[in-house]
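What follows is one structure encoded as structure tokens, with my remarks underneath.
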Amino acid sequence: MKRNYWLKYLPAILATTCLMPIVPTLAVPQLPTAIAQSTSSQYNKYMRQGYSATAKRNYRQALVNFRRALSSRPGDPYATAAINNVSKYARRGTSKTIFIASNRGAPGTRQGGATRGGCSSSDRTLTALVPANNLGMTTTQYPVIFFYVPQTSADTLELSLLDENDNEIYQKNLTPNKSGGIASINFSTLPGLKPLQVNKSYHWYLSIVCNTQDRSADIFVDGWVQRIKPDPALQTELQQASPSDRASLYAVNGIWYDSLAALFETRKSSPNNAALVNEWADLLDSVGLDQIAREPLVSCCTATN
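Here the sequence shown is numbered in my numbering, starting from -9 and rising by one per residue.
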């Protein structure tokens, strides 16, 4: 990355800190083998039933099963988190697909400022499709990031990825879709990018390069992604769920990037399905992105040298 690019974003970079989860160590008493196996079997059964009910938006039944799971394994962090998430979900009093964010967050710029370079004729600006707290989770080695790009005359988008210590680990120039709309970048298609590591946080920047000679004219947004490992019960339920239910399961469990990617893939397979369009809009509405929730999906982006 060019030196003036670092200088431009130096205040934002200095403001960032590593926001790694602190998981308390739980003291688990030793149980006889037969009792322990029985307890584990009951826990897994109740967690699977809870996730299944959540996907069907039967929150009352979901809470019953998650509480049963917690009773069979007191203090379990996964059952506790599921209860908290579904309780919030149920209080919304709606059947819409709603994202439940974690209590943690990260500094960032979800919406880019106006350009001085005149490379966009739209009244809207570059927007990162991330939760309001700027921190999104993924379970994959190569997540998909989404963003709204306005109609632009610029020839270049620049993607940069930093590790949790603010060291740049990847940078690539991309050719944007100039017509404007909601676009995505699948990290698995980026040449030379190493897979994200579990329990590591990464900071990504996306810039519209309006003037290659004056990078201060860039329009930029940024967000954070953390790769996590889902608990076994959720993994089982995700494998058994339909694509649309899978998106809902990810959303209620706070796994933003995977929820959006699952729904995106479902929409691509049924582009004229009004129910899926509404579900997509509901998901974006739930994180305050209602102004761009119904913008068209556009293809993006071609990597350049």
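Using N, Cα and C, we set each Cβ at its ideal position, and we do this for glycine too.
Which of helix, strand or coil DSSP assigns to residue i
| i | result |
| --- | --- |
| I88 | coil |
| D212 | strand |
| L164 | strand |
| V120 | coil |
| R217 | strand |
| I245 | coil |
| S31 | helix |
| S260 | coil |
| G98 | coil |
| D280 | helix |
| G65 | coil |
| T322 | Any property of residue 322 remains undetermined from this structure, which presents the chain solely from -9 to 295. |
| E285 | coil |
| L53 | helix |
| Y36 | helix |
Closest residue to residue i among the options (Cα-Cα distance)
| i | options | result |
| --- | --- | --- |
| Q101 | I90, T117, A122 | T117 |
| D153 | S191, A231, Q131, F177 | S191 |
| T99 | D204, D212, V199, S260 | D212 |
| A271 | R114, Q203, S174, E285 | E285 |
| E158 | L125, H193, Y132, Y49 | H193 |
| C291 | L125, T179, Y36 | T179 |
| A45 | V267, N75, R57 | N75 |
| L53 | K78, S234, Q32, S30 | K78 |
| M127 | R257, T115, Q187 | Q187 |
| L287 | Y138, R236, P133, Q230 | Y138 |
| F210 | N176, E148, N189, Q161 | E148 |
| P323 | C200, N201, E269 | The question about residue 323 has no answer, for the chain in this structure spans -9 to 295. |
| R205 | Q131, Y132, T146 | T146 |
| N123 | N155, G278, Y132, A237 | G278 |
| A283 | N48, I73, A59, R114 | R114 |
| L60 | S174, I73, A96, D275 | I73 |
Span of the beta strand (DSSP E) around residue i
| i | result |
| --- | --- |
| A237 | First-last for A237: 233 to 242, but that is the alpha helix (DSSP H), not the beta strand (DSSP E). |
| E148 | 146 to 152 |
| F136 | 134 to 139 |
| S174 | 171 to 176 |
| L273 | Unbroken run through L273 is the alpha helix (DSSP H), 264 to 275; no beta strand (DSSP E). |
| V199 | 191 to 199 |
| T128 | 125 to 128 |
Assumed close pair residue i, residue j - CB separation to whole angstroms, cut-off 8 Å
| i | j | result |
| --- | --- | --- |
| A241 | T129 | Going by Cβ atoms, the distance from A241 to T129 rounds to 13 Å, so no, they are not a contact pair. |
| C109 | I198 | 7 Å |
| Q216 | L125 | 7 Å |
| F136 | I172 | 6 Å |
| Y33 | N55 | Going by Cβ atoms, the distance from Y33 to N55 rounds to 10 Å, so no, they are not a contact pair. |
| N189 | I218 | 7 Å |
Endpoints, the alpha helix (DSSP H) within which residue i is located
| i | result |
| --- | --- |
| T226 | 222 to 230 |
Any contact of the region 130 to 147 with the region 159 to 174, i.e. 3+ C-beta pairs under 8 Å? yes
With a cut-off of 8 Å, do at least 3 Cβ pairs link the region 56 to 74 to the region 248 to 255? no
Are at least three pairs of beta-carbons, each pair with one atom in the region 31 to 43 and one in the region 220 to 238, less than 8 Å apart? yes
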